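**Student:** The following block contains the structure, expressed as structure tokens.
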Amino acid sequence: VKKDDKKNLKNDTKYTGAVLFKIGANDINCDSAIVFENDGVMEAYNVTLTNPEYFTMKGGTLSYNKEAKRGSLLNNIKVTALNGDLVGTSESVDVDFSHDAYRIGRGAITPPEPNK
-7 VKKDDKKNLK
3 NDTKYTGAVL
13 FKIGANDINC
23 DSAIVFENDG
33 VMEAYNVTLT
43 NPEYFTMKGG
53 TLSYNKEAKR
63 GSLLNNIKVT
73 ALNGDLVGTS
83 ESVDVDFSHD
93 AYRIGRGAIT
103 PPEPNK
């Protein structure tokens, strides 16, 4: 993040532009994020979460608690396998970043079709 893209808001830090960071094995891309320093919470907007071994998830907002290492991805989530096949949609995915564990809320995730 360039210095010009970082703006302190009291004890919070806002990042804008093409923001990239990593949580565990996951790469997070978003167009903006706010780190609430006093609360240990981060919110990222227009998120693409990629686990390079399994899939990519796109969604609206990622809320992440740094201490608990848990987060929730919300709103219009699309899950795509590494081969590019859409494997499902959901309105929420809870993530345990300490174990790279993902729990799908409302929606349906199906495994990709095997290559024939």
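-7 is the number of the first residue of the sequence shown in this note's numbering; add one for each residue after it.
We put the CB at the ideal spot given by N, CA and C, even for glycine.
Values in this document were obtained by computation on a predicted structure and should not be read as measured data.
1. Leaving out the 5 sequence neighbours to the left and right, which residues in its chain are closer than 6 Å to residue 54 when beta-carbon positions are compared?
2. Among 73, 56 and 82, which one has its Cα closest to the Cα of residue 25?
3. Can you find a CB in chain E that lies within less than 8 Å of the CB of residue 11?
4. Would residue 29 and residue 5 qualify as a contact pair, given that the criterion is a beta-carbon distance under 8 Å?
5. Quick one: what does DSSP say residue 13 is sitting in, helix, strand or coil?
6. Please identify the residue among 3, 11, 10 and 16 whose C-alpha is closest to the C-alpha of residue 92.
7. Note down, one range per segment and in chain order, each beta strand (DSSP E) of at least 3 residues found wholly within the stretch 27 to 54.
8. Going by beta carbon distance, what residues of the same chain come within less than 6 Å of residue 27, once the five residues before and after it are set aside?
9. Does DSSP put residue 83 in a helix, a strand or coil?
10. Taking DSSP as the reference, what is the three-state secondary structure of residue 63?
**Tutor:** Reading off the structure:
1. For the purposes of this step, residue 54 is taken as the residue at position 62 of the sequence shown. Excluding positions up to five away in sequence, the list reads 36, 39, 63 and 65.
2. Translated into positions along the sequence shown, residue 25 becomes position 33. Taking only the C-alpha atoms, the option nearest residue 25 is 56.
3. Here chain E cannot be found, since the structure has a single protein chain.
4. For the purposes of this step, residue 29 is identified with residue 37 of the sequence shown, where counting begins at 1. For the purposes of this step, residue 5 is identified with residue 13 of the sequence shown, where counting begins at 1. Yes, these two residues count as a Cβ contact at 8 Å.
5. Start at 1 with the first residue of the sequence shown, and residue 13 comes out as number 21. In this structure, residue 13 counts as strand in the three-state DSSP scheme.
6. Your numbering for residue 92 matches position 100 in the sequence shown. Closest by alpha carbon: 16.
7. 33 to 43
8. Translated into the one-based positions of the sequence shown, residue 27 becomes position 35. So the list reads 5 and 34, once near-sequence residues are dropped.
9. Mapped onto the sequence shown, residue 83 falls at position 91. Three-state DSSP puts residue 83 in a strand.
10. As a working mapping, residue 63 is identified with position 71 in the sequence shown. Strand, per DSSP.
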